[in-house]
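*Asks:* A single structure is presented below for examination.
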Amino acid sequence: MVDRDVLRQVTVAAAVGGGFVLGVSGDYGDAAAGPSPVVPANYAFVIWGPIYAGLFGHAVHQALPARRRDPVLRRTGWPTACAVGLSGLWVWAQDLPALQLPLIAVTAAAAVVACTRAAPTDPAEAASVRDRWLVRVPLGLFSGWITVATVAGGGEALIASGISAPWPGAAAWAAAALAAAGAAGAALAWWRPVSLSCAAAVTWGLAGVAVRVLPQNPVPGTAALLAGAAVAAAGVLGARRRRTPRSRGGRAPGAGAAGPAASAAADR
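In this note's numbering, the protein residues as written are 149 to 416.
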């Protein structure tokens, strides 16, 4: 009988490798030349470098025999494989809007699930330096960028499908979509502050939209700028809230009992 944990490890590693190959071999064109008011400037896409550096580190980490029964990786493995694997298909479906739109939606949902499941559930997980840099940071960075890419890719798919923006017009709908991306990023950063990397990626993407769009189209450009600022603030406040002890005695609940375990986990 196939070990489900081994199957998960292999699937995640294959999804990261396959997503990378599919992604880098696609033709993305020039963002600045497109008509969409929700696509970031070309420079913003360099974030894929650190994203995949982190994902490759995550793939190797989760594939180690010692990590086979890791509860964190069990929670995050399947949604990570789904999100990363499907993200590589976006560029190949750009001429098929009817396929690309649901593909984008499923990818975004899986990325959010993976990111939220990476949140520590006990002091030992929270103290693990290895989990922070090889699980929470890469998954936060990926899901944050996918939040912005969902709006950008969805907008391009709608334009490619020939759908005309109804009242109150394309600029207003673009601003609403960017505000929604900012709200999603801010909510994730505040409600489930897994890592500052998530808020940083959303902020980076929205700033890229503002840089590209603001000079020609101030309505969505301003929306992107304000949304990015809101996400950055939520990320900082969420990180501070995560580190603030919640008990009146100055320690997080259960810290006394879990102290030795947490200290040991920090060296994992």
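Every residue gets a Cβ at the ideal spot worked out from N, C-alpha and C, and that includes glycine.
Between alanine 355 and the rest of its own chain, which residues show a CB-CB distance below 6 Å, the 5 nearest in sequence each way excluded?
*Replies:* The answer, listed in chain order, is Gly376.
*Asks:* On the three-state DSSP scale, how would you describe arginine 217?
*Replies:* Coil, per DSSP.
*Asks:* On the DSSP letters alone, give me the boundaries of the alpha helix (DSSP H) that glycine 353 sits inside.
*Replies:* Segment 344-361, the alpha helix (DSSP H) holding glycine 353.
*Asks:* Which residues in the same chain as threonine 351 place their Cβ atom closer than 6 Å to its Cβ, once the five residues preceding and following it in sequence are excluded?
*Replies:* Result list for threonine 351: Gly376, Val379 and Ala380, in chain order.
*Asks:* Quick one: give me the first and last residue of the alpha helix (DSSP H) that threonine 255 is part of.
*Replies:* Residues 245-265.
*Asks:* Going straight from the alpha carbon of serine 309 to that of glutamine 242, what length do you get?
*Replies:* The alpha-carbon atoms of serine 309 and glutamine 242 are separated by roughly 10 Å.
*Asks:* Give the C-beta separation of valine 164 and phenylalanine 204 to the nearest angstrom, bearing in mind that I take them to be a contact with Cβ-Cβ under 8 Å.
*Replies:* About 6 Å; that satisfies the 8 Å criterion.
*Asks:* Taking 8 Å as the threshold (C-beta atoms), are arginine 265 and threonine 298 in contact?
*Replies:* Not in contact: threonine 298 and arginine 265 (Cβ atoms no closer than 8 Å).
*Asks:* Are the CB atoms of valine 220 and aspartate 178 within a distance shorter than 8 Å?
*Replies:* For aspartate 178 and valine 220, no; Cβs fall outside 8 Å.
*Asks:* Rounded to whole angstroms, what is the Cα-Cα separation between glycine 353 and methionine 149?
*Replies:* The straight-line gap from Cα to Cα measures roughly 44 Å.
*Asks:* Could you give the distance in angstroms between the alpha-carbon of glycine 236 and the alpha-carbon of proline 268?
*Replies:* Roughly 28 Å separates the two Cα atoms.
*Asks:* Starting from tyrosine 176, trace the alpha helix (DSSP H) in both directions and tell me its first and last residue.
*Replies:* Where tyrosine 176 is concerned, there is no enclosing alpha helix (DSSP H), given that its DSSP letter is neither H nor E.
*Asks:* Is any beta-carbon of chain D found at less than 8 Å from that of glycine 165?
*Replies:* The structure shown contains no chain D; it holds only a single protein chain.
*Asks:* Consult DSSP for glutamine 242 and reduce its assignment to one of helix, strand or coil.
*Replies:* Here glutamine 242 sits in coil by DSSP.
*Asks:* Is the CB-CB distance between isoleucine 294 and alanine 259 below 8 Å?
*Replies:* Yes, the Cβ-Cβ distance between isoleucine 294 and alanine 259 is below 8 Å.
*Asks:* Kindly list the residues whose CB is nearer than 6 Å to the CB of alanine 274, restricted to its own chain and excluding five residues on each side of it in sequence; keep chain order.
*Replies:* Pro268.
*Asks:* Write down the C-beta distance between alanine 161 and alanine 211 rounded to the nearest angstrom, noting that I regard them as a contact closer than 8 Å.
*Replies:* About 5 Å; that satisfies the 8 Å criterion.
*Asks:* May I ask which residues mark the beginning and end of the alpha helix (DSSP H) holding glutamine 210?
*Replies:* Its alpha helix (DSSP H) spans residues 196-211.
*Asks:* Go through its chain and collect everything with a Cβ distance to alanine 325's Cβ below 6 Å, but skip five positions before and after it.
*Replies:* Closer than 6 Å at Cβ, skipping near neighbours: Val186 and Val299.
*Asks:* With a threshold of 6 Å on Cβ separation, who are the neighbours of valine 359 within its own chain once the five nearest residues in sequence on each side are excluded?
*Replies:* Within the same chain, valine 359 has close Cβ partners Ala189.
*Asks:* Take alanine 313 and list the residues in its own chain whose beta-carbon comes closer than 7 Å to its own, dropping the five residues that flank it on each side.
*Replies:* Within the same chain, alanine 313 has close Cβ partners Trp321.
*Asks:* Would you kindly check if the distance between the Cβ of proline 198 and the Cβ of leucine 282 is under 8 Å?
*Replies:* No, the pair does not count as a contact, with Cβ atoms beyond the cut-off.
*Asks:* Counting along the chain, where does the alpha helix (DSSP H) carrying tryptophan 321 start and finish?
*Replies:* Its alpha helix (DSSP H) spans residues 318-339.
*Asks:* Taking threonine 345 as the reference, which of Gly383, Pro363 and Val296 has the closest Cα?
*Replies:* A small fix is needed here, since residue 345 is serine in this sequence, not threonine. Checked all of Gly383, Pro363 and Val296; the closest Cα to serine 345 is Gly383.
*Asks:* Would you call the CB atoms of glutamate 304 and glycine 182 closer than 8 Å?
*Replies:* Against a cut-off of 8 Å, the Cβ pair of glycine 182 and glutamate 304 comes out as a contact.
*Asks:* Let me know the secondary structure DSSP gives serine 291 once reduced to three states.
*Replies:* In the structure shown, serine 291 sits in a helix (DSSP, three-state: H, G or I).
*Asks:* From arginine 222 to aspartate 153, what does the alpha carbon distance come to, in whole angstroms?
*Replies:* Taking the straight line joining both Cα atoms gives about 8 Å.
*Asks:* At what residues does the alpha helix (DSSP H) containing arginine 280 begin and finish?
*Replies:* Arginine 280 -> no alpha helix (DSSP H), and no H or E assigned at all.
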